[in-house]
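Structure, rendered in C-alpha cells:
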C-alpha cells in the first residue's frame, strides 16, 4: 500500500488508469463518467452529511440529555477531524482489499500537500459491492459506530465528532449512491479527482 508524495508516482497511476480505460473501450465497452469536482460537487457532498444531525435527537431520546454545543467541542472536533484524515483514507484502502482481484500494491494513499490533502486511490477494477465497501467503511467506522457508542457512554464530544465525520464522508456517500446506479458495470476509481468511470459491455 504505497504512500505517494511525488508527481512522478501520480503520473504513473494516471497512465495505468488510462491504459485500463482504453482497454475497455477497445473491447467494446461503453464508458460512463462519474467524476465530480468544483463548487457544485462540494455543495452536494455537504448536503449528503445532513442526515447525520438525526443522531442528536436520537441521543436526546435515549439518554434524556440535551447535548451542549460549546466552542471547545467545535474546535476539538475540527482538530480531530484533521488529524484522523489518514485513518479515513486507510479505511478506504482496507475496504477495497475485499476484492480478490485487488492487489494491495494497487491501492495508493496520496499526500500531495500533507495530511489535510490526503486521499486514497484504488488502481484495480472494482464491482459495485467492492467499491461501495471501500467508499463507506470510513462512514461506518468513524461516524455510525461512534454515534452509537456516544449514546451508550453519554459522550457529547463523541456524538459531535460522529456528526463532523459524517460531513467528512459526504463525497463517499454521493459516490456510493452514483455507484448504485452503475451497479452492473465495472468501476475504475479516478486517480486524481473525486469519482470514477464505469464500463458496460454493449
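Numbering (our numbering), first residue to last: 538 to 739.
Where is the CB? At the ideal position from N, CA and C, for every residue including glycine.
None of these values were measured; they are calculated from a predicted model.
For the beta strand (DSSP E) containing residue i, list its first residue and its last residue.
| i | result |
| --- | --- |
| residue 707 | Careful: residue 707 lies outside any beta strand (DSSP E), inside the alpha helix (DSSP H) at 707-718. |
Please list, in chain order, all residues of the same chain as residue i whose beta carbon is under 8 Å from its beta carbon, the five residues on each side excluded.
| i | result |
| --- | --- |
| residue 673 | 632, 706, 709, 710, 713 |
| residue 686 | 692, 695 |
| residue 593 | 604, 696, 700 |
| residue 572 | 727, 730, 731, 732, 733, 734 |
| residue 565 | 738, 739 |
| residue 580 | none |
| residue 610 | 693, 694, 697 |
| residue 583 | 704, 707 |
| residue 587 | none |
Identify the residues that DSSP records as bridge partners of residue i: which are they?
| i | result |
| --- | --- |
| residue 738 | 566 |
| residue 721 | Note: residue 721 sits in no beta bridge, so no partner. |
| residue 658 | 645 |
| residue 571 | 733 |
| residue 663 | 724 |
Using C-beta distances below 7 Å, list every residue in its chain close to residue i, excluding the 5 sequence neighbours before and after it, in chain order.
| i | result |
| --- | --- |
| residue 626 | 646, 655, 656, 657 |
| residue 698 | 614, 617, 683 |
| residue 550 | 645, 658, 660, 728 |
| residue 585 | 707, 710, 711 |
| residue 578 | 731 |
For the putative contact between residue i and residue j, defined by C-beta atoms under 8 Å, what is the C-beta separation to the nearest angstrom?
| i | j | result |
| --- | --- | --- |
| residue 724 | residue 561 | So it is not a contact: roughly 11 Å between Cβ atoms. |
| residue 704 | residue 589 | 7 Å |
| residue 596 | residue 688 | 6 Å |
| residue 670 | residue 628 | No, residue 670 and residue 628 are not in contact; Cβ-Cβ is about 10 Å, not under 8 Å. |
Just to confirm, is the Cβ distance from residue i to residue j under 8 Å?
| i | j | result |
| --- | --- | --- |
| residue 728 | residue 569 | no |
| residue 662 | residue 557 | yes |
Looking at the unbroken alpha helix (DSSP H) that takes in residue i, where does it start and where does it end?
| i | result |
| --- | --- |
| residue 578 | 576-585 |
| residue 588 | No alpha helix (DSSP H) holds residue 588; DSSP gives it neither H nor E. |
| residue 743 | Because the chain in this structure spans residues 538 to 739, residue 743 falls outside the shown range and cannot be described. |
| residue 690 | 682-690 |
Might you give, ordered along the chain, the residues of its own chain that have their beta carbon closer than 6 Å to the beta carbon of residue i, omitting 5 neighbours on each side?
| i | result |
| --- | --- |
| residue 668 | 716, 724 |
| residue 567 | 737, 739 |
| residue 702 | 679, 680 |
| residue 665 | 716, 720 |
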